[in-house]
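Reviewing the structure listed below.
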Amino acid sequence: MTESTSKKKFIFECQQTADPPCFKCCTGRIFNIYFEDLERWIKDQSIFRVFPNISIVIDNELPVLRFNFKDDGTCPMLIEKQCSISYSKPLNCQSIPLGFNGNNYYVQYKECEGLDKGEMNKEKLDEMKAKATKEFEAKTRTALLMPYLVQFISMFVQSEMSKASEEMMKSMDPKQREELEKILSESREKQVEETLKNMSPEEREKIEKLIKEKEEELEKNKQKEE
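If you count the sequence shown from 1, you need to add 65 to reach this note's numbering.
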């Protein structure tokens with residue numbers, strides 16, 4: 066991998082802590098959400114906050130995950146001029162303004178107010194490059210996983226959120242619980258069937274293995290609750 070041949074030295078310092086604070090990158094900027102973001106949010110429980118604000122949209126004939134921006138064009142996570150998930154920002158937001166295309170590092174957000182401000186040293190630059198590389202890898206992985214990501218998200222979230230729904234399940238009588246589980250099971254099987262139809266044999270084998278592992282995990286969690 067090589068760096069961009071641009072002669073201009075890259076200097077950057079985020080202005081969100083400046084006076085007044087800048088949130089330009091949180092307004093009107095389109096960016097994708099990656100599988101790694103979802104995994105991290107589920108682990109740190111941010112998923113409860115972000116998941117209702119995520120949609121699957123079509124970009125260049127390909128499905129991608131994105132936030133549903135508010136009517137004023139701002140990110141749904143920006144509340145009272147503060148990022149409500151500043152402790153766990155999307156990978157794209159973490160790498161801003163630097164990007165990586167697999168060969169070169171480049172400025173992916175040229176409108177950033179932090180460009181040419183502050184100081185830049187090797188340690189800081191290496192850290193930013195690492196974040197840009199991580200975003201590129203997440204972008205590549207998510208693109209490969211998108212054919213079945215919707216189904217996997219559903220199962221993954223169901224597994225991790227089982228504790229949150231435990232009280233609701235307890236309030237149901239056995240018959241209601243059985244009916245609910247039947248509906249969820251039938252819906253999941255139908256989604257899996259439709260998704261697998263569009264995959265190559267190799268992709269199908271890999272996904273079926275992942276789904277089987279997740280279903281086994283769900284069953285174990287269910288047995289523990291009982």
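Don't be surprised by glycine CBs; every beta carbon is placed ideally from N, CA and C.
Candidates M211, D84, C91: closest to P128 by CA position: M211
Span separating the alpha-carbon of T207 from that of F100: 6 Å
Local Cβ density within 10 Å of E200, reported as buried at 16 or more and exposed below that: buried
Cβ-based burial, Y152 [other Cβ within 10 Å; buried from 16]: exposed
Given L181 as reference, the closest of L163, N169, A195 once Cα atoms are compared: Inspection of the sequence shows that residue 181 is occupied by Asp rather than by Leu. The shortest C-alpha separation from D181 is found at L163.
Reference T198; option with closest CA among K175, N186, L156: L156
Start-to-end residues for the alpha helix (DSSP H) that takes in S160: 156-160
Same chain, Cβ closer than 8 Å to N133, five either side skipped, listed in chain order: N118, I119, S120, P141
Proximity of C91 and T139 at Cβ, strictly below 7 Å: yes
DSSP three-state assignment for Y170, whether helix, strand or coil: strand
Contact belief for I150 with R114 at Cβ below 8 Å, rounded distance in angstroms: 7 Å
Pick from K108, I107, F96, D136 that is closest to I123, judged by C-alpha positions: F96
Cβ-Cβ distance between C87 and E145 below 7 Å: no
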